[in-house]
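A.B. asks: The structure follows.
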Amino acid sequence: MRILANDGLNEEAVALLKKEGFSVETEKRSAEDLLGEIASFDALLVRSATKVTRELIEAGAKNGGKLKIIGRGGVGTDNIDLEAAKQCGVIVKFAPNGNTNATAEHALGLMFAVARKVPMAHRTLMGGVWHKKRFQGNELHGKTLGVIGCGRIGQCLAGKALGIGMKVVGYDLYQVQDSNVDYLPSIDDVLKVSDFVSLHTGGKDAIITERELALMKPTAYLINASRGSNVREADLCAALKNGTIAGAALDCFEKEPKREGEAFQSCLHELDNIVMSAHLGASTKNAVRKTGLEIATVVTKYLRRGDFGNSVNVGETVEQEGKRIYSLFITHEDKPGMFGKFGTTLGELGVNIRENNSRFLSDSVQTVYVVHQEPSEEVREKLMAIPGVKRVTF
Numbered sequence: 001m002r003i004l005a006n007d008g009l010n011e012e013a014v015a016l017l018k019k020e021g022f023s024v025e026t027e028k029r030s031a032e033d034l035l036g037e038i039a040s041f042d043a044l045l046v047r048s049a050t051k052v053t054r055e056l057i058e059a060g061a062k063n064g065g066k067l068k069i070i071g072r073g074g075v076g077t078d079n080i081d082l083e084a085a086k087q088c089g090v091i092v093k094f095a096p097n098g099n100t101n102a103t104a105e106h107a108l109g110l111m112f113a114v115a116r117k118v119p120m121a122h123r124t125l126m127g128g129v130w131h132k133k134r135f136q137g138n139e140l141h142g143k144t145l146g147v148i149g150c151g152r153i154g155q156c157l158a159g160k161a162l163g164i165g166m167k168v169v170g171y172d173l174y175q176v177q178d179s180n181v182d183y184l185p186s187i188d189d190v191l192k193v194s195d196f197v198s199l200h201t202g203g204k205d206a207i208i209t210e211r212e213l214a215l216m217k218p219t220a221y222l223i224n225a226s227r228g229s230n231v232r233e234a235d236l237c238a239a240l241k242n243g244t245i246a247g248a249a250l251d252c253f254e255k256e257p258k259r260e261g262e263a264f265q266s267c268l269h270e271l272d273n274i275v276m277s278a279h280l281g282a283s284t285k286n287a288v289r290k291t292g293l294e295i296a297t298v299v300t301k302y303l304r305r306g307d308f309g310n311s312v313n314v315g316e317t318v319e320q321e322g323k324r325i326y327s328l329f330i331t332h333e334d335k336p337g338m339f340g341k342f343g344t345t346l347g348e349l350g351v352n353i354r355e356n357n358s359r360f361l362s363d364s365v366q367t368v369y370v371v372h373q374e375p376s377e378e379v380r381e382k383l384m385a386i387p388g389v390k391r392v393t394f
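Read in full-length UniProt numbering, the sequence shown has 4 at position 4, and its numbers run on one by one without any break.
Shown next as structure tokens:
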């Protein structure tokens, strides 16, 4: 099978895929070339640079195309048409864990930087001027961190904040058990009580606008290492100018240059109470390595064993499909044709198979079918009548 890593892949991940017997290509294709070649690849691996459109997916999967899976190195899948992939029978998987710590550390670093005014002090010293009183800062210890979006990265940041003596509150639509966060009922509640507000959400909608900024303390700081579109920058500029909040630190922006070295234009340039970095949250050697190995592993598991873990356009498990399921256990001889007989028998009885797993025992095979209809005694009898079947339970 052929795999194309169109946005590059670290050497260890490439070696892992080759060890599994895959052919791996890492040469960057233009959008036009990719459209012409994609049908010959079984898997396409991307990060954020390659736009995986409906046209590209259909070119890879239709009319005899081989494309089976799209792997996204990282968390965001905004650059992939998930619905088009689902309609074309292409699974989309991501590698969400590799950059979790890197992004959380960066968000914490931005908090320290803006609270202690480190970049501002650095800038004046590089200009040959000594200022001390001008850059009196604030400590994080004892302050309240508000986390909006308490998933992997939000929880990781919360754990680090607790470690330096901060109180952590947060909001998320889906609250996890054993959380590092004390959940509040709404985003507004988080904004009102927090000294630092850190965003870790998905989506393209603005979460922080003039309205939300007005709810924050005048001594509070806003941190965004998530999505640029989550903050309305014109409103933030106004809030920073008029003292609605004390400061902000951003790693992502509404409009970001597409290429290294391009000009970056923003109303934020004229402000002295903001810290900015060029979308560096996941940009560490450690994160690149871990993310590459993770996406190589999840793609391998799907292509070799049909494993749906880390899928984003279908359920990772059959339970996530939202339909009632039942388990049917069959002990049988290990010989060709058994699964075919099981499938035919269940089909004739109106039982729809959703999934099956099988393992070899000492002198037979144990197969577990996951089905949508509750098994009956008739089902058990029909299966037991198949030559080679030793036991059927449910």
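Think of the CB as a built atom: it goes at the ideal place given N, C-alpha and C, for glycine as much as any other residue.
#1: Any idea if Gln155 is buried or exposed, counting beta-carbon neighbours within 10 angstroms, 16 or more meaning buried?
#2: Can you tell me where the alpha helix (DSSP H) holding Lys301 begins and where it ends?
#3: Where does Ala43 fall in DSSP's three states?
#4: Please name the residue or residues paired with Gly146 in a DSSP beta bridge.
#5: Can you tell me whether Ile38 is helix, strand or coil according to DSSP?
#6: Only counting runs of 3 or more residues, tell me where the beta strand (DSSP E) segments fall wholly within the stretch 195–268, in order along the chain.
#7: Which residues in the same chain have their Cβ closer than 6 Å to the Cβ of Glu25, if we skip the five residues on either side of it in sequence?
#8: Give the DSSP-derived three-state secondary structure of Ile164 in the structure shown.
#9: Going by CA-CA distance only, name the one from Glu270, Glu262, Ala115 that's closest to Ala234.
#10: Using only alpha-carbon positions, find the residue among Glu321, Gly337, Gly388, Arg289 that is nearest to Leu16.
#11: Only counting runs of 4 or more residues, tell me where the alpha helix (DSSP H) segments fall wholly within the UniProt domain "ACT" (327–394), in order along the chain.
#12: Tell me the rounded alpha-carbon separation between Val181 and Thr100.
#13: Report yes or no: do the stretch 257–268 and the stretch 287–304 share at least 3 C-beta pairs separated by less than 8 Å?
#14: Could you tell me whether the Cβ atoms of Gly98 and Glu294 are closer together than 8 Å?
#15: Looking only at its own chain, which residues have a Cβ that is under 7 Å from the Cβ of Val275, when we skip the five neighbours before and after it?
#16: Just to confirm the assignment: which complete beta strand (DSSP E) runs, minimum length 3, are found wholly within the stretch 105–155?
#17: Below 6 Å CB to CB, which residues in the same chain sit around Thr219 once its five sequence neighbours on both sides are set aside?
#18: So, helix, strand or coil for residue 417, using DSSP?
#19: Measure the beta-carbon distance from Ser198 to Leu145 and round it to whole angstroms, keeping in mind my assumption that it falls under 8 Å.
#20: Would you report the Cα separation of Ser358 and Ala95, rounded to the nearest angstrom?
#21: Return the residue from the list Asp205, Gly163, Val147 that minimises the CA-CA distance to residue 398.
#22: Along the alpha helix (DSSP H) that carries Lys93, what are the first and last residues, could you check?
#23: Expressed to the nearest angstrom, what Euclidean distance is found between the alpha-carbon atoms of Asn224 and Leu303?
#24: Roughly how many whole angstroms lie between the Cα atoms of Glu321 and Asp42?
#25: Figure out for me which residue from Arg72, Ala39, Gly170 has the closest Cα to the Cα of Gly64.
#26: I need the boundaries of the beta strand (DSSP E) containing Leu4, first residue and last residue.
#27: Using only alpha-carbon positions, find the residue among Gly343, Thr244, Ile208 that is nearest to Lys217.
#28: To the nearest angstrom, how far is the alpha carbon of Ala278 from that of Phe253?
#29: Please confirm whether Ile207 and Leu222 have their CB atoms less than 8 Å apart.
#30: In whole angstroms, what separates the C-alpha of Gly89 from that of Lys62?
C.D. replies: So, to answer that:
#1: The count along the sequence shown starts at 1 and reaches residue 155 at position 155. Label assigned to Gln155: buried.
#2: For this step, residue 301 is matched to residue 301 along the sequence shown. Where Lys301 is concerned, the enclosing alpha helix (DSSP H) stretches over 285–305.
#3: Taking the sequence shown and counting its residues from 1, the one referred to as residue 43 is at position 43. Reduced to three states, the DSSP call for Ala43 is strand.
#4: What you label residue 146 is simply residue 146 of the sequence shown in a count that begins at 1. Gly146 pairs with Val169, Val197.
#5: One-based indexing of the sequence shown puts residue 38 at position 38. Here Ile38 sits in helix by DSSP.
#6: 196–199, 221–224, 247–250
#7: Taking the sequence shown and counting its residues from 1, one reaches residue 25 at position 25. Closer than 6 Å at Cβ, skipping near neighbours: Leu4.
#8: Here residue 164 refers to the residue found at position 164 when the sequence shown is read from its first residue. The answer is coil: DSSP assigns Ile164 none of H, G, I, E or B.
#9: If you number the sequence shown from 1, residue 234 lands on position 234. The option with the nearest alpha carbon to Ala234 is Glu270.
#10: Position 16 of the sequence shown, counted from the start, is the residue given in the question as residue 16. Closest by alpha carbon: Arg289.
#11: 338–348, 377–384
#12: Against the sequence shown, residue 181 aligns to sequence position 181. Against the sequence shown, residue 100 aligns to sequence position 100. When rounded, the distance between both Cα atoms is 16 Å.
#13: no
#14: Position 98 of the sequence shown, counted from the first residue, corresponds to residue 98. Position 294 of the sequence shown, counted from the first residue, corresponds to residue 294. Yes; because the gap between Cβ atoms is below 8 Å, this pair is in contact.
#15: Here residue 275 corresponds to residue number 275 of the sequence shown, with the count starting at 1. Excluding residues within five positions, the ones whose Cβ falls inside 7 Å are Leu110, Ala113, Val114, Pro119, Ala249.
#16: Here the runs fully enclosed are 144–148.
#17: Here the question's residue 219 lines up with position 219 in the sequence shown. These residues qualify, in order along the chain: Ala246.
#18: Absent from the structure is residue 417, since the part of the chain shown begins at 1 and ends at 394.
#19: Translated into positions along the sequence shown, residue 198 becomes position 198. Translated into positions along the sequence shown, residue 145 becomes position 145. Yes, they are in contact, since the Cβ atoms of Ser198 and Leu145 sit about 6 Å apart, within 8 Å.
#20: Along the sequence shown, read from residue 1 onward, the residue named residue 358 stands at position 358. Along the sequence shown, read from residue 1 onward, the residue named residue 95 stands at position 95. Cα to Cα, the separation comes out at about 27 Å.
#21: Outside the shown range of the chain (1 to 394) lies residue 398, about which nothing can therefore be said.
#22: By 1-based counting over the sequence shown, the position of residue 93 is 93. Run containing Lys93: none in the alpha helix (DSSP H); it sits in the beta strand (DSSP E), 91–94.
#23: One-based indexing of the sequence shown puts residue 224 at position 224. One-based indexing of the sequence shown puts residue 303 at position 303. The C-alpha of Leu303 is placed about 36 Å away from the C-alpha of Asn224.
#24: Sequence index remark: in the sequence shown, residue 321 carries index 321 (1-based). Sequence index remark: in the sequence shown, residue 42 carries index 42 (1-based). Each residue's alpha carbon lies about 25 Å from the other.
#25: Here residue 64 refers to the residue found at position 64 when the sequence shown is read from its first residue. Comparing Cα positions, the closest option is Ala39.
#26: Counted from its first residue, the sequence shown places residue 4 at position 4. Counting along the chain, the beta strand (DSSP E) containing Leu4 begins and ends at 2–5.
#27: As a working note, residue 217 is residue 217 in the sequence shown. Cα-wise, what sits closest to Lys217 is Thr244.
#28: Locating residue 278 in the sequence shown gives position 278, counting from the first residue. Locating residue 253 in the sequence shown gives position 253, counting from the first residue. Distance between the alpha carbons of Ala278 and Phe253: 9 Å.
#29: Walking along the sequence shown from the start, residue 207 turns up at place 207. Walking along the sequence shown from the start, residue 222 turns up at place 222. Cβ atoms of Ile207 and Leu222: not closer than 8 Å.
#30: Translated into the one-based positions of the sequence shown, residue 89 becomes position 89. Translated into the one-based positions of the sequence shown, residue 62 becomes position 62. Going by the C-alpha atoms only, they are around 10 Å apart.
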